[in-house]
Amino acid sequence: MAEHRLSTPILEKQIRKIRVGDIIYLSGIVFTARDEAHHRALKLAKEGGQLPIDVEGLAMYHCGPIAQKIDGEWKILSAGPTTSSRMELFEDDFLKHFAVRVIIGKGGMGSKTTAAMKKFGAVYGAFTGGAGAFAANSIIEVKGVEWLDLGMPEAIWVFRVEDFGPMIVAIDSYGKNLYQDLMERVKRKVIRIKRNL
Amino acid sequence: MMFMNKASLTQVVEETTIKLLWLASFDLPQGVEKALRDALNHEDDPIARSQLSVILKNIDIARKKRVPICQDTGIPMIHVILGEDFPLKAILPNILREAVRKATISIPLRPNAVHPFTRKNTSDNSGIHLPYLEWEIKHGDSLEILVIPKGFGSENMSQLGMLTPGEGLNGVKSFVLDCVVNAGGRPCPPTIIGVGVGLGVDGVMKLARRAAIRPLPLRNEDPFIASLETQLLKLVNETGIGPMGLGGKTTSLAVNIEIGHTHTGGLPVGVVFQCWAARMAEATVESDGKVKIA
Chain A
4 MAEHRLSTPI LEKQIRKIRV GDIIYLSGIV FTARDEAHHR ALKLAKEGGQ LPIDVEGLAM
64 YHCGPIAQKI DGEWKILSAG PTTSSRMELF EDDFLKHFAV RVIIGKGGMG SKTTAAMKKF
124 GAVYGAFTGG AGAFAANSII EVKGVEWLDL GMPEAIWVFR VEDFGPMIVA IDSYGKNLYQ
184 DLMERVKRKV IRIKRNL
Chain B
19 MMFMNKASLT QVVEETTIKL LWLASFDLPQ GVEKALRDAL NHEDDPIARS QLSVILKNID
79 IARKKRVPIC QDTGIPMIHV ILGEDFPLKA ILPNILREAV RKATISIPLR PNAVHPFTRK
139 NTSDNSGIHL PYLEWEIKHG DSLEILVIPK GFGSENMSQL GMLTPGEGLN GVKSFVLDCV
199 VNAGGRPCPP TIIGVGVGLG VDGVMKLARR AAIRPLPLRN EDPFIASLET QLLKLVNETG
259 IGPMGLGGKT TSLAVNIEIG HTHTGGLPVG VVFQCWAARM AEATVESDGK VKIA
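Right under this line is the structure:
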């Protein structure tokens with residue numbers, strides 16, 4: 004269980020040093036994207052369009068924050084991760100078009116994302132679900148917000164973070180998926196439990 | 019008992035509801051927090067311990083800074099227990115809706131309510147049938163309001179099973195275990211699992227909801243159901259899913275079961291997942307305008 008301190012922009016060779024079970028802390032630029040932002044980003048990519056920000060080497064956060072505008076400036080009150088598995092629909096395609104290096108979320112992702120992370124060089128960092136106030140403590144600044152027409156949770160928020168973590172690396176760039184391995188063990192265990200009911 | 023005039027009482031109900039939405043956003047019931055602390059003492063896996071430590075730190079930060087404990091402040095569900103002689107009745111849905119709108123901006127809460135097809139956000143957490151209200155009538159002239167901000171990480175994992183009578187008790191246990199395995203780490207474990215058994219399709223989900231919001235560590239009054247709760251919790255925790263689905267001994271803090279009689283030809287089972295951030299707040303408003311926050 005190695006610990007890594009990453010700063011954006013993150014390079015592929017840094018990602019290849021990280022393994023499942025490691026812990027990461029991240030500093031630099033993180034942008035949020037949930038279901039609707041993924042949907043729009045991929046539509047744009049297919050039409051040859053550009054995202055409103057250059058995401059290469061950045062971390063993408065499955066998160067819909069609570070933001071409040073105070074004296075003309077956005078402040079983040081609470082910003083924990085949302086359930087990543089909803090983005091399984093889009094993520095391999097997203098990684099094909101956009102070179103993000105870390106995806107932050109909770110609850111894990113599936114085989115398609117795991118394969119794409121291996122191919123393109125990215126890792127999945129599991130941040131503790133529900134820990135919105137704790138996460139907001141590491142968000143130093145809101146650099147901007149895009150696609151606010153999608154609503155506050157679904158917009159793309161661009162944060163500058165410092166020592167954002169701890170995140171448990173649950174999918175690495177070698178095809179290892181901590182959640183899937185665990186769930187295989189869980190399923191075998193539950194077969195035994197049911198037999199003894 | 020002196021009755022307050024309706025206009026003033028309307029204001030008291032609205033202000034109380036806003037306050038409850040505020041309290042529920044940053045504070046957890048004591049029983050839940052205690053169960054999480056006990057879970058940390060019980061775990062020895064470093065990853066499970068790290069998840070529970072962050073959860074407990076988060077609870078402290080949210081309470082100190084009075085900011086939402088989780089960014090998913092949910093969709094508003096409000097249980098109303100209305101005294102038959104409380105002066106405000108039919109107007110209550112309007113008052114509660116107004117309170118939700120105002121609270122969304124003043125606290126602020128995350129605006130989560132969208133149209134199911136256009137996905138357009140209403141920006142104030144109100145909408146068609148929102149806030150969702152659940153009603154009970156009681157004797158007396160007071161009004162009880164229970165506010166439940168329900169996040170959707172856990173709500174999305176909830177399930178209905180129309181079992182057959184032949185599947186029986188073991189069928190119910192298997193169904194609950196299947197729901198837990200299907201949910202994995204997604205409903206933000208350690209969860210509280212509300213199980214309803216009986217009635218029909220809508221009734222059984224209401225029983226499950228009622229079970230999910232039962233304060234910890236209360237057991238069902240029926241000793242048979244209470245022992246089933248304990249047994250199921252043990253089985254659920256044997257799965258090893260653990261905090262946040264990253265492995266460990268604590269997949270759930272409690273399994274609560276509520277039952278109702280059902281049709282001789284059926285065995286409905288409802289399972290409602292509640293994430294560890296099991297927020298709720300409750301108050302009683304008297305007809306004279308006195309408010310007691312539980």
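As given, the protein sequences belong to chains A and B, one line each in that order. Following our numbering, the residues of the first sequence are numbered contiguously, the last one being 200. Following our numbering, the residues of the second sequence are numbered contiguously, the last one being 312. Note that beta-carbon positions come from the ideal geometry of N, C-alpha and C, so glycine has one too. Keep in mind that this is a model prediction, so the values were computed, not measured.
Next on the checklist: By the DSSP assignment, the beta strand (DSSP E) with B:F286 in it spans what residues?
Outcome noted: The sequence as given places Pro at residue 286 of chain B; Phe does not occur at that position. Unbroken beta strand (DSSP E) run through B:P286: 285 to 292.
Next on the checklist: Would you call the region 47 to 55 of chain A in contact with the region 61 to 76 of chain B, where contact means no fewer than 3 C-beta pairs closer than 8 Å?
Outcome noted: Taking one beta carbon from each stretch, the region 47 to 55 of chain A and the region 61 to 76 of chain B have fewer than 3 pairs nearer than 8 Å; the two do not touch.
Checklist entry - How many Å lie between A:L61 and A:I13 at the Cα? => result A:L61 and A:I13: Cα-Cα distance of roughly 6 Å.
Item to check | Chain-ordered neighbours of B:Q69 on chain A, where CB pairs are closer than 7 Å | outcome: At a beta-carbon threshold of 7 Å, the residues of chain A lying near B:Q69 are T131, ordered along the chain.
Checklist entry - Quick one: what's got a C-beta closer than 6 Å to B:V199's C-beta in the same chain, skipping five residues either side? => result Nothing meets the Cβ criterion.
Item to check | One or two residues paired with A:R163 in a DSSP bridge | outcome: In the DSSP output, where bridge partners are listed per residue, A:R163 has A:I32, A:E144.
Item to check | Three-state secondary structure (DSSP) of B:E112 | outcome: Just to set this straight, residue 112 of chain B is Asn in the shown sequence, not Glu. DSSP places B:N112 in helix when its eight states are reduced to three.
Checklist entry - Are B:V194 and B:V303 close, meaning C-beta to C-beta below 8 Å? => result Cβ distance not < 8 Å, so B:V194 and B:V303 don't count as in contact.
Checklist entry - Nearest-angstrom Cα distance between B:S176 and B:F291? => result If I take the Cα positions, the gap works out to 6 Å.
Checklist entry - Are the C-beta atoms of A:V189 and some chain B residue less than 8 Å apart? => result True, the Cβ-Cβ gap to chain B drops below 8 Å.
Checklist entry - Leaving out five residues before and five after A:F101 in sequence, what residues of the same chain have Cβ atoms less than 6 Å from its Cβ? => result Exclusion of the five residues before and after A:F101 leaves V58 as the residues of its chain whose Cβ lies within less than 6 Å of its Cβ.
Checklist entry - Would you call the region 241 to 252 of chain B and the region 278 to 285 of chain B in contact, with 3 or more CB pairs under 8 Å? => result Touching, no, given that fewer than three Cβ pairs across the two stretches are closer than 8 Å.
Item to check | Below-8 Å beta-carbon distance, B:W294 vs any chain A residue | outcome: Taking Cβ atoms only, chain A reaches closer than 8 Å to B:W294, which makes this a yes.
Next on the checklist: So if I threshold CB-CB distances at 7 Å, which residues from the region 37 to 48 of chain A count as touching chain B?
Outcome noted: For the region 37 to 48 of chain A, which is checked against every Cβ of chain B, the residues closer than 7 Å are E39.
Item to check | A:F208 classed as buried or exposed, judged by whether at least 16 other C-beta atoms fall within 10 angstroms | outcome: Nothing can be reported for residue 208 of chain A: it is not among the residues displayed for chain A, which extend from 4 to 200.
Item to check | Top-ranked residue by Cα proximity to B:V118, from B:I109, B:G216, B:I275, B:M95 | outcome: Closest in alpha carbon position to B:V118, among B:I109, B:G216, B:I275, B:M95, is B:M95.
Next on the checklist: For B:L39 and A:P55, I'd like the C-alpha separation in whole angstroms.
Outcome noted: Cα to Cα, the separation comes out at about 35 Å.
Item to check | Contacts that B:A80 makes with chain C (C-beta to C-beta distance below 7 Å) | outcome: In the displayed structure, chain C is absent; the protein chains listed are A and B.
Item to check | Neighbour flag for A:V83 against chain B, beta carbons, 8 Å | outcome: The question names Val, yet the displayed sequence has Gly at residue 83 of chain A. By this cut-off, A:G83 is an interface position.
Item to check | Residues that DSSP places opposite B:G214 in a beta bridge | outcome: Paired residue(s): B:E276, B:G288.
Next on the checklist: Less than 6 Å between C-beta atoms, sequence neighbours within five positions excluded: which residues of the same chain meet that for A:S10?
Outcome noted: Listed in chain order, the non-local C-beta contacts of A:S10 below 6 Å within the same chain comprise S30, G31, local neighbours out to five positions each way being set aside.
Next on the checklist: Using 8 Å as the threshold, is the C-beta distance between A:A136 and B:P86 below it?
Outcome noted: Cβ atoms of A:A136 and B:P86: closer than 8 Å.
Checklist entry - At a CB-CB cut-off below 7 Å, which residues of chain B make contact with A:M155? => result Chain B residues near A:M155: R128, P129.
Next on the checklist: Just to confirm before moving on: does the CB-CB distance between B:I210 and B:N274 stay below 8 Å?
Outcome noted: Yes; because the gap between Cβ atoms is below 8 Å, this pair is in contact.
Item to check | Entirely enclosed alpha helix (DSSP H) segments - the region 26 to 105 of chain A, minimum 4 residues | outcome: Listed in chain order, they are 38 to 49, 91 to 100.
Item to check | Reference B:H60, options B:T269, B:I311, B:L217, closest by Cα | outcome: With distances taken between Cα atoms, B:H60 lies closest to B:T269.
Item to check | Residue-chain proximity (A:T35, chain B), Cβ-Cβ < 8 Å | outcome: Interface criterion not met: the Cβ of A:T35 is under 8 Å from no Cβ in chain B.
Checklist entry - Of the choices A:E39, A:G75, A:K192, whose alpha-carbon is the least far from that of A:F93? => result Looking at the Cα atoms, A:E39 is the closest of the given residues.
Checklist entry - Leaving out five residues before and five after B:T140 in sequence, what residues of the same chain have Cβ atoms less than 6 Å from its Cβ? => result A131.
Next on the checklist: By the 9 Å beta-carbon criterion, what residues does the region 54 to 71 of chain A contribute toward chain B?
Outcome noted: Within the region 54 to 71 of chain A, the residues whose Cβ lies closer than 9 Å to some Cβ of chain B are C66, G67, P68, I69, A70, Q71, listed in chain order.
Item to check | Burial state of B:T122, where buried means 16 or more other Cβ atoms lie within 10 Å | outcome: Answer is buried; the Cβ neighbour count reaches 16.
Checklist entry - Near A:Q71, what residues of its chain come up, given a Cβ to Cβ distance below 7 Å and the 5 sequence neighbours on each side ignored? => result Excluding five sequence positions before and after A:Q71, the CB atoms of its chain that fall closer than 7 Å to its own CB belong to K78, L80, given in chain order.
Checklist entry - In this structure, what does DSSP give as the bridge partners for B:G145? => result The partner list for B:G145 (beta bridge, DSSP) reads B:L148.
Next on the checklist: Rounded to whole angstroms, what is the Cα-Cα separation between B:E51 and B:V31?
Outcome noted: Answer to the nearest angstrom: the Cα atoms are 28 Å apart.
Item to check | CB-CB length for A:K192 against B:T257, believed under 8 Å | outcome: Going by Cβ atoms, the distance from A:K192 to B:T257 rounds to 6 Å, so yes, they are a contact pair.
Item to check | C-beta contact flag for B:G266 and A:G110 at 8 Å | outcome: No, Cβ-Cβ distance for B:G266 and A:G110 is not below 8 Å.
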